[in-house]
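The structure under discussion appears below in the form of structure tokens.
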Amino acid sequence: MHSPAVVNSSELKQPAIESSHQPVVKGLFDTIKLWFARAQQRRQLAQLSDQLLKDIGLERTAALKESRKWFWQA
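Position 12 of the sequence shown, counted from 1, bears residue number 12 in UniProt numbering, the numbering being contiguous throughout.
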């Protein structure tokens, strides 16, 4: 009978993302961060007072139109 093979843990390789996939993963991560930031900014824009909107040169209708866009829409 054969005994089970013993493997030294230093011989095991950790699975890694292939270097060709790293730009794709980074791009996906960056896109998700952008979407979260965009959604947060639009929520904040919708909550601004009329006076603050006037100070930045926006009318309420324009602010509401922007704030109602989906997070993926530029």
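Glycine included, each C-beta is placed from N, C-alpha and C at the ideal position.
If you're wondering where the values come from, they're calculated on a predicted model, not measured in any experiment.
Assign residue i to buried or exposed, taking buried as 16 or more other Cβ atoms, counted over all protein chains shown, within 10 Å of its Cβ.
i, result
"Ala63", "buried"
Specify, as a first and last residue, the run of the alpha helix (DSSP H) that residue i falls within.
i, result
"Glu66", "60-67"
"Trp35", "22-47"
"Gln51", "50-55"
When you compare only the Cα positions, how much space is there between residue i and residue j?
i, j, result
"Pro23", "Gln51", "43 Å"
"Thr31", "Arg43", "18 Å"
"Thr61", "Asp55", "15 Å"
If distances are taken between C-alpha atoms only, which option among the options comes closest to residue i?
i, options, result
"Lys69", "Ile32, Leu45, His21, Lys26", "Leu45"
"Leu48", "Glu66, Ser20, Phe71", "Glu66"
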